[in-house]
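Only one structure is covered here, and it is reproduced in the block below.
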Amino acid sequence: PILPLLCDVSVAREADPGAALPREPFSHPEDARAQIALAVDYHRRSFGKAPEGLWPSEGSVSEPVLRIAHQEGLRWLATDEIVFRRSLERSGEPPARTLTLATWRECPDLALFFRDRDLSDRIGFRYAALPAERAVQDFIGALRQIGRHAEPGTVAMIALDGENPWESYPEQGVPFLRRLYQALCAEHALRP
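Numbering (the numbering used here), first residue to last: 118 to 309.
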């Protein structure tokens, strides 16, 4: 589910002030909490330990969702860099040139990762049409470019819907992924 909408459907107006909403108010943060708790429990049963973080559906977050996630024991959430930039615009803060990691003011031990949309979209939409070696060279080049302007320890988060791109890649992306991981491991300045 889209967790912010479960917490309070009126939050849709933050992104789209003209959004059509149901006539009856809908606010069920207890359902959002139950969804997160069920996910944490499922992960614990499947993998033998609780997850440390969450990429919520559609990368959708809100302050109530962050609070619930933290209360349910999560240490990080991931979303899209556009969410961060729009939040800055609404707050009147200047837009950041690059940002991949932040903390939430109400809970500094909850990390927020912002996916690099360009890098993620390269994998999700562009590289399937390129030979694997060329796509990997382009990707590593883009990471090097980010690294030239980044502080040590910068995280370049790549996040995409796992089912979407691979059907377009030759051999479901296996040659690309193998070459990519080999190249990432060979780069001393990068750590996957």
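Glycine included, every Cβ here is placed at the ideal spot set by N, Cα and C.
Host beta strand (DSSP E) of residue i (start-end)
i    : result
P225 : 224 to 232
From the options, residue whose alpha carbon lies closest to that of residue i
i    : options                : result
F230 : N281, L297, R150, R192 : R192
I119 : G135, P168, V182       : V182
H305 : G170, G290, R261       : R261
G190 : T196, G176, E198, G170 : G170
A249 : V272, L155, P269, A300 : A300
Y286 : R140, V253, Y244       : Y244
E141 : R150, Q152, S127, Q289 : S127
N281 : S237, L307, A156, G264 : S237
T271 : E147, P309, A154, D148 : P309
Identity of the residues DSSP links to residue i by a beta bridge
i    : result
W193 : G170, A228
Host alpha helix (DSSP H) of residue i (start-end)
i    : result
P292 : 291 to 303
Y159 : 146 to 164
I240 : I240 -> no alpha helix (DSSP H), and no H or E assigned at all.
L120 : 120 to 124
A129 : 129 to 132
L138 : No alpha helix (DSSP H) contains L138, which DSSP labels as neither H nor E.
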